Amino acid sequence: MNGLNVLLTGACGRIGKTFFEASKDRYTFVLADRIEPDFAVEAPHRFVRLDLADPAAVGAALEGIDVIVHLAGIPHATATFDELLPNNILATTYLFEAAANAGCKRLVFASSAQTIEGYPVDRQITPGMQVMPANLYGVSKCYGEALCAFYAAKRGLSTIAIRIGAFEFPERHELTNARDLSAWLSPRDAVQLLQKAVEVEGVQHLIAHGISNNRFKRLDLSETTRVLGYQPMDDAFQTFDIPIAP
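So the sequence shown is numbered by numbering that gives the first Met the number 0: it starts at 0 and just counts up by one.
This is the structure:
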């Protein structure tokens with residue numbers, strides 16, 4: 000244990016469960032979700048059933064928390080505005096405000112490669128390029144990135160937004176083409192990236208790119224590796240037997 004108390008929202012999702020299982024000997028977790036976990040949660044960790052759309056409940060959950068890893072939200076590119084408003088806009092806003100009020104050290108926000116999916120698929124996304132979402136889900140993640148910038152600049156909260164690509168398990172996945180491979184984030188690379196984001200010192204605000212060391216990379220990793228020390232291990236083009244050209 001390194002002494003950090005981490006609130007993990009969306010703890011019962013694929014990434015949340017993977018991160019917890021790999022990091023439970025590293026941090027003390029408060030796991031939060033709207034559904035009960037289907038895995039064991041033993042002391043010193045604990046699970047709380049939490050609706051992030053309830054500001055009072057959010058504030059109460061942050062007592063003693065050092066770092067928040069915010070994975071909760073609607074994750075679908077086809078999500079409607081009515082779905083996104085309470086889950087990705089309001090809930091995220093309440094969490095940022097509660098984190099600043101509680102004096103948390105950092106909030107790690109799960110953004111998405113959908114923030115830039117409006118660009119042509121053969122164009123690599125480099126640091127500093129403006130956002131260009133291709134759907135309302137991507138728009139909601141752009142809003143979350145803007146919250147990161149605002150709370151870092153004006154409220155003193157260290158924030159790291161990670162534009163997560165295509166998180167898939169090698170043994171069961173939905174990757175079908177070269178574009179999917181170029182955005183793959185493997186489970187072990189996701190764990191390493193989140194751990195780096197939780198622990199890195201001296202970073203007030205960063206938009207990081209969350210993919211593996213794929214031969215072709217939809218998102219440029221130079222700034223992410225430089226600032227966080229992230230060293231991804233996996234390459235989708237070696238892992239999956241999917242042809243580059245149709």
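Ideal Cβ positions, reconstructed from N, Cα and C, are used throughout, including at glycine. Note that the structure is a prediction, hence the values are computed from the model and not measured.
Answer yes or no: do residue i and residue j have a C-beta to C-beta separation smaller than 7 Å?
i      : j      : result
His204 : Thr175 : no
Val40  : Val68  : no
Ala99  : Tyr150 : yes
Leu146 : Phe95  : yes
Ala160 : Ala182 : no
Val197 : Ala21  : no
Thr17  : Pro186 : yes
Pro85  : Gln113 : no
Val57  : Phe28  : no
Thr223 : His208 : yes
Arg105 : Val66  : yes
Cys11  : Pro43  : no
Ser111 : Ile163 : yes
Ile243 : Ala177 : yes
Please classify residue i as buried or exposed, where buried requires at least 16 neighbouring CB atoms within 10 angstroms.
i      : result
Gly15  : buried
Gly63  : exposed
Ser221 : exposed
Thr79  : exposed
Ala148 : exposed
Ile34  : exposed
Asp24  : exposed
Arg171 : exposed
Phe19  : buried
Pick helix, strand or coil for residue i, following the three-state DSSP scheme.
i      : result
Ile34  : coil
Asn87  : helix
Ser40  : The residue you asked about is not Ser; residue 40 is Val in the sequence shown. Three-state result, Val40: coil.
Ile14  : helix
Thr8   : strand
Arg48  : strand
Thr92  : helix
Thr223 : helix
Thr79  : coil
Phe28  : strand
Take residue i and list the residues in its own chain whose beta-carbon comes closer than 7 Å to its own, dropping the five residues that flank it on each side.
i      : result
Asp188 : Ser211, Pro231, Met232 and Asp233
His75  : Tyr136
Ser139 : Leu83, Asn87 and Ile88
Tyr118 : Ile124 and Met131
Glu167 : Glu173, Leu174 and Trp183
Leu51  : Thr8, Val57, Ala71, Ala90, Tyr93 and Leu94
CB-CB under 8 Å to residue i, same chain, minus the five flanking residues each way: which ones, in chain order?
i      : result
Lys250 : One cannot answer for residue 250 here, as it falls past the ends of the chain, which runs 0 to 245.
Thr77  : Asn134 and Tyr136
Gln237 : Arg214
Leu49  : Thr8, Ala31, Asp32, Arg33, Ala56, Val57 and Ala60
Tell me which same chain residues have a C-beta within less than 6 Å of the C-beta of residue i, skipping the five on either side of it?
i      : result
Asp179 : Ala165
Phe215 : Ser181
Gln123 : Asp219
Thr91  : Gly143
Pro169 : Thr238
Asp121 : none
Phe101 : Just to set this straight, residue 101 is Ala in the shown sequence, not Phe. Only Leu61 meet the Cβ criterion.
> In chain order, which beta strand (DSSP E) runs of at least 3 residues are fully inside the stretch 97–167?
Replying inline: Complete beta strand (DSSP E) runs here, min 3: 105–111 and 157–163.
>> Ignoring anything shorter than 3 residues, give me the beta strand (DSSP E) runs that lie fully in the stretch 170–213, in order along the chain.
In response: Within the stretch 170–213, complete beta strand (DSSP E) segments of at least 3 residues are found at 204–209, given in chain order.
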